[in-house]
Each structure stands twice: as structure tokens, then as C-alpha cells.
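A.B. asks: Next up is a structure, given as C-alpha cells.
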Amino acid sequence: MSAQGNLAGRCPPEKDAVETVANHSRPRLSVVIPTLNEAKRLPTLLAHLSRLNGLYEVVVSDGASEDGTLDVAMGSEFDGRLTLVEGPRGRARQLNAGAAQSGGELLLFLHADTLPPLDTAYWVQRLLRQPGVVAGAFRTWHVHDATLERLARSHLGRTDTPEPGGPWWLHLADIRSRYTTLPYGDQGLFITRERFERAGGFPEQLLMEDLEFSLRLRNLGQIRTAPSCIVVSGRRFEAHPLLDTCLVNTFPALYRLGVPASRLANWYRNTR
69 MSAQGNLAGR CPPEKDAVET VANHSRPRLS VVIPTLNEAK RLPTLLAHLS
119 RLNGLYEVVV SDGASEDGTL DVAMGSEFDG RLTLVEGPRG RARQLNAGAA
169 QSGGELLLFL HADTLPPLDT AYWVQRLLRQ PGVVAGAFRT WHVHDATLER
219 LARSHLGRTD TPEPGGPWWL HLADIRSRYT TLPYGDQGLF ITRERFERAG
269 GFPEQLLMED LEFSLRLRNL GQIRTAPSCI VVSGRRFEAH PLLDTCLVNT
319 FPALYRLGVP ASRLANWYRN TR
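Quick look at the structure:
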């Protein structure tokens, strides 16, 4: 069996999304999306989120975009409660600002170039109710950037049988999400508000804020990965296949060995 087929087989059919909203007394789920010049991709994600049951609101936290991202968000097809937050640039800062402005008891953090599974709310509710679990995330499935939009627009955002959507090497980035217990930001991290605040929110550093936050969470309890896939644009890896594949595998190791995030951020800028 090919590596591609093996990875696809690891995503079981999605749960009936109706299950997630059968009990209206369940905690409210707020989605927080940090953006920086995402006018092209944000409408695709918002249109997809409109089809998901069990969401209370979506908060777009923008970091001084110059392409009209917030205007595009207001004019998008999203049919639901939408909050727009403006602030200084910096992903961790934007994530924290969005969480502060949200009203849900549960928080889900998404990147603008992703499509979470249709059964998102089901897994958020289920995993966060388990004893000892402090946070969760999804498995990733990387596809061509153009494929991401097609999946959303054609109502094929299901991930029980992910399409290849790109060259086989694009899915090397997906192996990490199946075996690590320290989720990255593109995996759609979810957590209760109480635990998010207890952990101090995302550390406001230049790089590896998601890894550092996961390390802190692991000191509080278990982080579980849901057996459902979030579709992720492979735009970074398509632009610089060898470079970004190398960076995504070496930078976390260097960080955990003690290399400061500021130095890694400087190296990352210099390699672009």
C-alpha cells in the first residue's frame, strides 16, 4: 500500500454532526482565526464553517492586514455570529486577543488556510469531556491550495476519504500529526476557556508559539488527537518543497533543545 493510501485510511467516517447540537445545554464553541493578508483564503473557510453544526461564533482576529481581509470577512457568505478584532501583528498576540473577545466556554483555534472536518464540534465536545484531557487537535491532510477552495465550494469538505490533492511528498507533513502528542497550530487546537486561561494563553514569541503552548498544556494533562482530518493548504511546501519540509522537521527539535525562538525566527526570515 502506498504511503498516500495508508494515510488516507487513517481517517474514519465523520460522525453525524446532528449529534453535536442535540443537547442545547452543552458548552458553546467559539472559533478563533488569526489572519494576516488572508483576503483570498478567508472566505473559503468562512463558507465552510457555515455548514458546520455546533458552532456558537467565529472570531476573526486580524493583525493589520493590508489587503482588506476584514472587509472581505464582513462581505463573506458566512451565516452566523461573526466578530472582527483588530490589533497589532503577531500570531500569538492575535490568538489571545481573539480568545479574549469570544464568548464560548470552548475555544477552537484555526488557521485561515484550513478546512476543519464536518464533525468538528462532535470531537471537541467528546474529547474535552474525557477525564485528564486538557486539549485536543485533529490530524492534518495537506492538499494543493486550489484543491482546498474546490473542496469547500463543492460541499466536499468531508475528510473520511481524503483526496490526494497533490504530490505524495506533500503528505509527509501529515505524518507528524498522527504520531506527536504536541499539536501545531495547523491541527486546529481546541481547549476549554478555563484551561486556556490557566495555561496563560499563547506565549507571545516570534515563532513556535504553538509548540510552546502545547508543552505547557502537557504539564496540565493529556492532549488527544481526534481520529478525524483537518484539510490544510500545502502552499508553503509547494512554494519551497525541500526548504519548508526541512524546517518543519528540524525547527521544533532545535527549539526543544534550547535554541531561542527569536533566533529560529531570524533564521526563518533569512531563508525566505
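For what it's worth, our numbering labels the leading residue of the sequence shown as 69, then goes sequentially. All C-beta atoms in this analysis are idealised placements derived from N, C-alpha and C, irrespective of residue type, glycine included.
1. What's the gap between the Cα of Gln-193 and the Cα of Asn-121?
2. Any idea what DSSP makes of His-210, helix, strand or coil?
3. Between the beta-carbon of Ala-321 and the beta-carbon of Pro-251, is there less than 8 Å?
4. Check whether the Cβ of Phe-281 sits closer than 7 Å to any heavy atom of the ligand FAD, and report yes or no.
5. Provide the residue(s) that pair with Glu-204 in DSSP beta bridges, ordered along the chain.
6. Mind checking which residues open and close the beta strand (DSSP E) that includes Leu-138?
7. So within the region 112-175, which uninterrupted beta strand (DSSP E) runs reach at least 3 residues, ignoring any that extend past its ends?
8. Does the distance from the C-beta atom of Thr-103 to that of Ser-129 stay below 8 Å?
9. Just curious, the alpha helix (DSSP H) that Thr-249 is in, first and last residue?
10. Rank Leu-285, Gly-200 and Gly-166 by C-alpha distance to the C-alpha of Ser-98 and give the top, closest one.
11. Counting pairs of beta carbons, one from the region 155-171 and one from the region 266-281, are three or more of them closer than 8 Å?
12. To which residues does DSSP link Ile-298 through a beta bridge?
13. Taking the straight line between their C-alpha atoms, what separation do you get for Gly-225 and Arg-303?
14. Identify whether Pro-199 lies in helix, strand or coil by the three-state DSSP scheme.
15. With 16 as the cutoff for other CB atoms within 10 Å, does Glu-134 come out buried or exposed?
16. Strictly by DSSP, which residues pair up with Thr-103?
17. What's the C-alpha gap between Leu-163 and Arg-331?
18. For Val-276, which residues of its own chain have a beta-carbon under 8 Å away from its beta-carbon, when the five flanking residues on both sides are left out?
19. Distance, Cα to Cα, Leu-288 vs Val-202?
C.D. replies: Reading off the structure:
1. Residue numbering aside, residue 193 sits at position 125 when the sequence shown is read from its first letter. Residue numbering aside, residue 121 sits at position 53 when the sequence shown is read from its first letter. So the alpha carbons of these two residues sit roughly 12 Å apart.
2. If you number the sequence shown from 1, residue 210 lands on position 142. Three-state result, His-210: strand.
3. Against the sequence shown, residue 321 aligns to sequence position 253. Against the sequence shown, residue 251 aligns to sequence position 183. For Ala-321 and Pro-251, no; Cβs fall outside 8 Å.
4. Absence of the ligand FAD is noted for the structure shown, with no ligands found whatsoever.
5. Here residue 204 is taken as the residue at index 136 of the sequence shown, counted from 1. For the sequence presented, residue 204 should be read as Gly rather than Glu. Phe-258 and Arg-292, per the DSSP bridge assignment.
6. Taking the sequence shown and counting its residues from 1, one reaches residue 138 at position 70. Careful: Leu-138 lies outside any beta strand (DSSP E), inside the alpha helix (DSSP H) at 137-142.
7. 125-130 and 150-154, all fully within the region 112-175.
8. Indexing the sequence shown from 1 puts residue 103 at position 35. Indexing the sequence shown from 1 puts residue 129 at position 61. Going by beta carbons, Thr-103 and Ser-129 fall inside the 8 Å limit.
9. Position 181 of the sequence shown, counted from the first residue, corresponds to residue 249. Where Thr-249 is concerned, there is no enclosing alpha helix (DSSP H), given that its DSSP letter is neither H nor E.
10. For the purposes of this step, residue 98 is identified with residue 30 of the sequence shown, where counting begins at 1. Looking only at Leu-285, Gly-200 and Gly-166, the smallest Cα-Cα distance to Ser-98 is reached by Gly-166.
11. yes
12. Locating residue 298 in the sequence shown gives position 230, counting from the first residue. Thr-208.
13. Taking the first residue of the sequence shown as position 1, residue 225 is located at position 157. Taking the first residue of the sequence shown as position 1, residue 303 is located at position 235. Its pLDDT being 44, under 50, Gly-225 is placed unreliably by the model, and the measurement read from it follows with that caveat. Roughly 18 Å separates the two Cα atoms.
14. The count along the sequence shown starts at 1 and reaches residue 199 at position 131. Coil, per DSSP.
15. Counted from its first residue, the sequence shown places residue 134 at position 66. By the neighbour-count rule (16 or more Cβ atoms within 10 Å), Glu-134 is not buried but exposed.
16. Within the sequence shown, the letter at position 35 stands for residue 103. Thr-103 pairs with Asp-130.
17. What you label residue 163 is simply residue 95 of the sequence shown in a count that begins at 1. What you label residue 331 is simply residue 263 of the sequence shown in a count that begins at 1. Approximately 22 Å between the Cα atoms of the pair.
18. Looking up residue 276 in the sequence shown gives position 208. Rather than Val, the amino acid found at residue 276 in this sequence is Met. Around Met-276: Phe-319, Pro-320, Tyr-323, Ala-329 and Leu-332.
19. The residue given as residue 288 occupies position 220 in the sequence shown. The residue given as residue 202 occupies position 134 in the sequence shown. When rounded, the distance between both Cα atoms is 7 Å.
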